[in-house]
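J.: For reference, the structure I am asking about is given below.
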Amino acid sequence: MVVVSSLFLRGSIVAGLSAFFMSNALAQSGSVVSSPNEAQFEEQRQQQREALQQATRQSQDDVRLVGPELEEPSFRTLAAIGEESPCFPIKNLSLEGQEASRFQFALEAAITRAGFKEGQCVGVQGIELLSVYAQNALIDRGYTTSRVVLEAQDLSQGHLRLTLIPGYVGEVILSPDGAQGFGHARMRWLQNEMPVRRGEVFNLRDIEQGLENYRRLPTAQTSIRIEAADRAQYSDVHVDWQQRHVPFRLSMGFDNSGSRQTGRYIGTTTFSGDGLLGLSDLFYVSYNRSLGDRLSLRDDDGHRTKGRTDSYSLHYSIPWGYWQFFYNQSYYRYHQAVAGAYEHYDYNGRSLNRELGVSRTLYRDQRRKTQASFKLWQRRSNNYIADAEIDVQRKKMGGWQASVSHKEFIGANTLGLDLSYRRGTGIFNSEQPAEHLFGEGTSRMRVLTADVNWSMPFTLGQESLVWDSRVHAQWHKSPLVTQDQLAIGGRYSVRGFDGELYLMAERGWYWRNDVAWQYRPNHQVYVGADVGRVSGPSSSYLLGQTLAGAVIGLRGQLTFGSSPHSNPQGYYDFFVGTPIKKPSGFKTKRVVIGFSLNFSY
């Protein structure tokens, strides 16, 4: 993997001089100066791999509970009803009763949808229409146990009163059938998963959020029943929760997502614990290691220098109602064999990343959900030739990141929007990198990223297909070191390329598309087409700026038993790709073969 930029040339010269003073033997090598380029992309490749694994391990189903059906009135507006007899000129329309102040949106919705105007003469059908629209507004907002009623009243004064009877939460009852589950007693006591308590107004959206929190554990199964309580206007929430006896999971994976320099084949082992504190908390630690097909050089004296990678990552998160608190940490270590004039050298490095953050669901209804998150981050990286550190390549950075995400359900289709702003600060003893001297990098970076995801199921004849599309874009408001730049070319961005060469610069975008045919349950054949482009100051030193490629593949899931929650599962993905568009001189295989295998229990 080779990328040429002024930063790399200057940084490599400085690194070469630094290496010269470290060791006369190292100074004899003319190849050492090219190694940092590949090493910096190795770190970014690892970040992309961890991001994908993290998204997969923490994925949650979107719960969308269906409330009572909305009543469809015979007439949609008061004007459509026409003049009724008898009718009453209504000058004032109000919503009264317990909690009425928080439900004025229902009255406003009724007035708008019915087309009511002050002083309008309204009869029996018109009054019923206003009541139906107010009730529908409650149901649409999730207040499915609250009611709008018409009480006996004198309309001769021109005042129509709709009365609200709110529904409340009775008891939140954790089913005794799950008593054998791990941490059941603490779950029953704290109930941190459910964002609503006894005596609060019942809202179906709160129940959805709670159910999502319960279902985030792969070893647990949860369903919820709503039943009338002994007390009028109250409803009990019965949580039927069960977890298998052993709340631990072990998964092993094998793929060829690595590079020729440090090892094409990567093995992964992940150990997970579900609900260890009885808080529906999720913990996992994962270890990755290169297993083969890596560059190895032998000296004249028989000494062999090999490339390799080792990494681990861990995650812990706890839901608390509409909130979630999380911590992520990863460590990456690599070795590259570099050919010298008289001997070979071990160019190696390590990086450490930490994140501590919180997220919150800001809004949800039956058709959409909006979330926001904030986290502090820290990044450390060091590079060495043998045991001698290259000081000019040391990175100590930290800062914060704010994100907002929105998901919209449009019929059977799903639209996802994500926006993030990443800011580097002086936190965690951050230091300016060597690139700062040339105006080509800073620890005070400002980076904006955006993602748009679209999923659309459709049928072709009798066959079920789905189109998945994703656009990722990045902008910068400051110089960026290579770890913060956007790289395209490979299975994590623009597919169809072997990943040995890439294009990387400060800003850019890529667009990925898949059309998948589900030829049997949980098994798909898919075709994909991707395109991407990078730009910014560093792009002037690249071979080009645009890549496009295509893939065709087979993927699916195997469950060895009747229950996916307690039986072993296998996942597979095989694909063949090819470049469609690339710059002249950009070397890559004409046909790229990739695979990913995973087994979990």
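Letter by letter, the sequence shown follows residues -27 to -1, 1 to 574 in mature numbering (1 follows the signal peptide of the UniProt record, and there is no 0). Glycine residues also receive a C-beta, built at the ideal position from the N, C-alpha and C atoms.
#1: Enumerate in chain order the residues of its own chain whose CB-to-CB distance from S466 is below 7 angstroms, with the five nearest sequence positions on each side excluded.
#2: Considering only the beta carbon of each residue, do L268 and R306 sit closer than 8 angstroms?
#3: Drop a sphere of 10 angstroms on the beta-carbon of K560, count the other beta-carbons inside from all chains shown, and report buried for 16 or more, exposed for fewer.
#4: What residues match up with A423 in a beta bridge as DSSP calls it?
#5: How far does the alpha helix (DSSP H) with I291 in it reach, from first residue to last?
#6: What residues in its chain sit with their C-beta under 7 angstroms from that of T568, if we drop five residues either side in the sequence?
#7: What residue does the beta strand (DSSP E) around E334 start on, and which one ends it?
#8: Alpha carbon to alpha carbon, how far is Y141 from G40? Give it in angstroms, no decimals.
#9: Within a Cβ cutoff of 6 angstroms, which residues of the same chain sit near I291, ignoring the five residues on either side of it in sequence?
#10: Per DSSP, N261 is paired with what?
#11: On the criterion of 16 or more Cβ atoms from any shown chain inside 10 Å, does N402 qualify as buried, or is it exposed?
#12: Beta carbon of R178, beta carbon of G226: below 8 angstroms?
#13: Check the DSSP bridge columns for K380 and list the partner residues they point to.
#14: Going by DSSP, what residues sit across from N65 in a beta bridge?
#15: Around the C-beta of R554, are 16 or more other C-beta atoms found within 10 angstroms, so that it is buried, or is it exposed?
#16: Flag this pair as yes or no: are the beta carbons of L128 and L80 separated by less than 8 angstroms?
#17: Please check the pair S428 and T387, which I expect to be a contact at CB under 8 angstroms, by giving their CB distance rounded to whole angstroms.
#18: Looking only at its own chain, which residues have a Cβ that is under 6 angstroms from the Cβ of G389, when we skip the five neighbours before and after it?
#19: Please name the residue or residues paired with L147 in a DSSP beta bridge.
#20: Around the C-beta of S67, are 16 or more other C-beta atoms found within 10 angstroms, so that it is buried, or is it exposed?
#21: Roughly how many angstroms separate the alpha carbons of F76 and G330, rounded to a whole number?
#22: Specify, as a first and last residue, the run of the alpha helix (DSSP H) that Y187 falls within.
#23: State the DSSP-derived secondary structure class of Y574, mapped to helix, strand or coil.
#24: Starting from the C-beta of L570, find all residues in its chain whose C-beta is less than 6 angstroms away, skip the five residues before and the five after it, and write them out in chain order.
#25: Pick helix, strand or coil for I358, following the three-state DSSP scheme.
#26: DSSP has Q302 in a bridge; who is on the other side?
#27: Note down, in chain order, each residue of its chain lying with its Cβ closer than 7 angstroms to the Cβ of F(-7), except the 5 sequence neighbours on either side.
#28: Let me confirm a value: Q33 is counted as buried when at least 16 other C-beta atoms fall within 10 Å, else exposed. Which label applies?
#29: To which residues does DSSP link R37 through a beta bridge?
#30: Answer yes if the region 207 to 226 comes into contact with the region 274 to 283, meaning at least three C-beta pairs across the two stretches below 8 angstroms, and no otherwise.
#31: Within 10 angstroms of its Cβ, does V5 collect 16 or more other Cβ (buried), or is it exposed?
#32: Can you round the beta-carbon distance between R468 and D503 to whole angstroms, since I take them to be within the 8 angstroms contact cut?
#33: Quick check on H218: does DSSP put it in helix, strand or coil?
#34: For residue 578, which residues of its own chain have a beta-carbon under 8 angstroms away from its beta-carbon, when the five flanking residues on both sides are left out?
T.: Looking at the coordinates:
#1: Correct list, in chain order: A460, Y483 and G505.
#2: Not closer than 8 angstroms, so no.
#3: So K560 ends up on the exposed side.
#4: The partner list for A423 (beta bridge, DSSP) reads L392 and A446.
#5: It is not in any alpha helix (DSSP H) - I291 instead sits in the beta strand (DSSP E) that spans R281 to W293.
#6: Reading off the sequence shown, one finds Phe at residue 568, where the question assumed Thr. Same-chain partners within the cutoff: D228, N229, D546 and F547.
#7: The question names Glu, yet the displayed sequence has Thr at residue 334. That run of the beta strand (DSSP E) goes H317 to R337.
#8: As the crow flies, the alpha-carbon of G40 is around 16 angstroms from that of Y141.
#9: The residues are L252, D254 and F298.
#10: T241 and S284.
#11: By the neighbour-count criterion, in which a residue is buried when 16 or more other Cβ atoms sit within 10 angstroms of its Cβ, N402 is exposed.
#12: Not closer than 8 angstroms, so no.
#13: DSSP links K380 through a beta bridge to K342 and G389.
#14: N65 is bridged to H132.
#15: Reading off the sequence, residue 554 comes out as Lys, not Arg. With fewer than 16 Cβ atoms within 10 Å of its Cβ, K554 is classed as exposed.
#16: Cβ atoms of L128 and L80: not closer than 8 angstroms.
#17: S428 to T387, Cβ: 5 angstroms. Contact.
#18: Listed in chain order, the non-local C-beta contacts of G389 below 6 angstroms within the same chain comprise K380 and N426, local neighbours out to five positions each way being set aside.
#19: Residue pairing by DSSP places L147 opposite V212 in a beta bridge.
#20: Here S67 is exposed: its Cβ has fewer than 16 other Cβ atoms, across all protein chains shown, within 10 Å.
#21: Between F76 and G330, the C-alpha separation is close to 34 angstroms.
#22: Per DSSP, Y187 belongs to the alpha helix (DSSP H) from L177 to R188.
#23: Y574 falls in the coil class under three-state DSSP.
#24: Scanning its chain for C-beta atoms nearer than 6 angstroms, with the 5 sequence neighbours on each side dropped, one finds around L570 the residues F227 and Y545, in chain order.
#25: Under the three-state reduction of DSSP, I358 is assigned to strand.
#26: Answer by DSSP bridge pairing, in chain order: L287 and R327.
#27: The predicted model places F(-7) with a pLDDT of 32, which falls under 50 and marks its position as unreliable, so this point remains unresolved.
#28: So Q33 ends up on the exposed side.
#29: For R37, DSSP records no beta bridge to any residue.
#30: Short answer: they don't touch.
#31: Legend: pLDDT at V5 = 33, less than 50; position of this residue unreliable, no value from coordinates given.
#32: Contact holds; Cβ gap of about 5 angstroms.
#33: Here H218 sits in coil by DSSP.
#34: Given a span of -27 to 574 for the chain in the structure shown, any question on residue 578 remains unanswerable.
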